[in-house]
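Residue numbers (the numbering used here): 17 to 203.
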């Protein structure tokens, strides 16, 4: 998935490029994340508005099997997972707050993006494991994990952290990131 120099989104399969339909009325359409579910190929994209190229002013949308879907989300899609045909998307609004979007329903998480968007597509702030949805983020610099609406603190207010990824296997939750404390006591 990608964006051509002219701002046209595309999907490549085995080095064969297919152009994805552009979202009408928008400057650029970017194809950024790809997923497969039940033999269908899903692509998450964003657009750059005429007013700005920065985060928080864009819209997020999806293609399924190269057809533009009838979803248009205000905010920046950070990641997407598709399970059994259900689209899970983590969206950052203009105020920096994170929202969980599932097939048209938006839920506030109470978290802010902890990465400051410096990691681009390698930032994986969400993981879906069965009926459990995990999201990493922060509130006032305190690292937290959101699981099905319940928030757990990972650090205290004296330890400012940035979380960059989450993975869940069985009942084990793995989270990576870094903090800003002097850790001279670690090897």
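No residue lacks a Cβ here, since even glycine has one placed at the ideal position from N, Cα and C.
Discussion item. I'd like the list of long-range same chain contacts for residue 35, defined as Cβ closer than 7 Å, with 5 residues on each side in sequence excluded.
Written reply: Here residue 35 refers to the residue found at position 19 when the chain shown is read from its first residue. Within the same chain, residue 35 has close Cβ partners 24 and 26.
Item to complete: Measuring alpha carbon to alpha carbon, tell me which of 37, 81, 95 and 124 ends up nearest residue 111.
Response: Residue 111 sits at position 95 when you count from the first residue of the chain shown. Per the Cα distances, 124.
Worksheet item: Taking the alpha-carbon positions, what's the residue 29 to residue 57 distance?
Response: Stepping through the chain shown from its first residue, residue 29 is reached at position 13. Stepping through the chain shown from its first residue, residue 57 is reached at position 41. Whole-angstrom Cα-Cα distance: 11 Å.
Worksheet item: Mapping DSSP to helix, strand and coil, what is residue 187?
Response: In the chain shown, the residue the question calls residue 187 occupies position 171. Residue 187: coil per DSSP, three-state reduction.
Fill in: Whole-angstrom distance between residue 116 and residue 166, CA atom to CA atom
Indexing the chain shown from 1 puts residue 166 at position 150. Indexing the chain shown from 1 puts residue 116 at position 100. Their backbone Cα atoms lie some 13 Å apart in a straight line.
Discussion item. Going by C-alpha to C-alpha distance, which of 113, 38 and 149 sits closest to residue 85?
Written reply: Within the chain shown, the letter at position 69 stands for residue 85. Nearest C-alpha to residue 85: 38.
Worksheet item: With C-beta atoms as the reference, is residue 52 less than 8 Å away from residue 75?
Response: Residue numbering aside, residue 52 sits at position 36 when the chain shown is read from its first letter. Residue numbering aside, residue 75 sits at position 59 when the chain shown is read from its first letter. Inclusion of residue 52 and residue 75 in the CB contact set at 8 Å is not warranted, their separation being larger than that value.
Worksheet item: Count the other CB atoms within 10 Å of the CB of residue 138; is the residue buried (16 or more) or exposed (fewer)?
Response: As a first step, residue 138 must be located in the chain shown, where it is residue number 122. Low per-residue confidence applies at residue 138: pLDDT is 45, beneath 50, and the placement is therefore not dependable, though the value from the model is reported in the following sentence. Exposed, by the Cβ-count rule.
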